[in-house]
Amino acid sequence: MENVTLSVSGMSCGHCVSSVEGSVGKLDGVEQVKVHLQSGKVDVSFDADKVTVATIKETIDDQGYDVD
Numbered sequence: 027m028e029n030v031t032l033s034v035s036g037m038s039c040g041h042c043v044s045s046v047e048g049s050v051g052k053l054d055g056v057e058q059v060k061v062h063l064q065s066g067k068v069d070v071s072f073d074a075d076k077v078t079v080a081t082i083k084e085t086i087d088d089q090g091y092d093v094d
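Using this note's numbering, the letters of the sequence shown correspond one by one to residues 27 to 94.
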């Protein structure tokens, strides 16, 4: 398992948390997703053989949030 912490802007409420955690959590290979709303960070544990960081970022971007 690999871990990455992404900076995500535009998240401001519980719906944002559900949206990001739900969409990223559905990706094959993602073990765990935790959104830290106050700091604008998203921690993701994933299997790098099944999913890439680029795919995770794209999924968050598709939900309408900006990923650094």
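Every residue gets a Cβ at the ideal spot worked out from N, C-alpha and C, and that includes glycine. Note that the structure is predicted; figures quoted are calculated from it, not measured.
Does DSSP classify residue i as helix, strand or coil?
i	result
D94	coil
V77	coil
S49	helix
D69	strand
S44	helix
Please classify residue i as buried or exposed, where buried requires at least 16 other C-beta atoms within 10 Å of its C-beta.
i	result
M27	exposed
K52	exposed
K76	exposed
T85	buried
Looking only at its chain, what residues have a beta carbon closer than 8 Å to the beta carbon of residue i, apart from the 5 residues adjacent to it on each side?
i	result
V43	M37, V61 and L63
G66	S33, V34, S35 and M37
Only counting the same chain, and skipping five residues up and downstream in sequence, which positions put a Cβ closer than 6 Å to that of residue i?
i	result
S71	M27, N29, E57 and Q58
G40	none
Rounded to whole angstroms, how far is the Cβ of residue i from the Cβ of residue j, which I believe are closer than 8 Å?
i	j	result
G55	D73	4 Å
Leaving aside the five residues before and after residue i along the sequence, list all residues of the same chain whose C-beta is less than 7 Å from its C-beta, in chain order.
i	result
Q89	S45, V46 and S49
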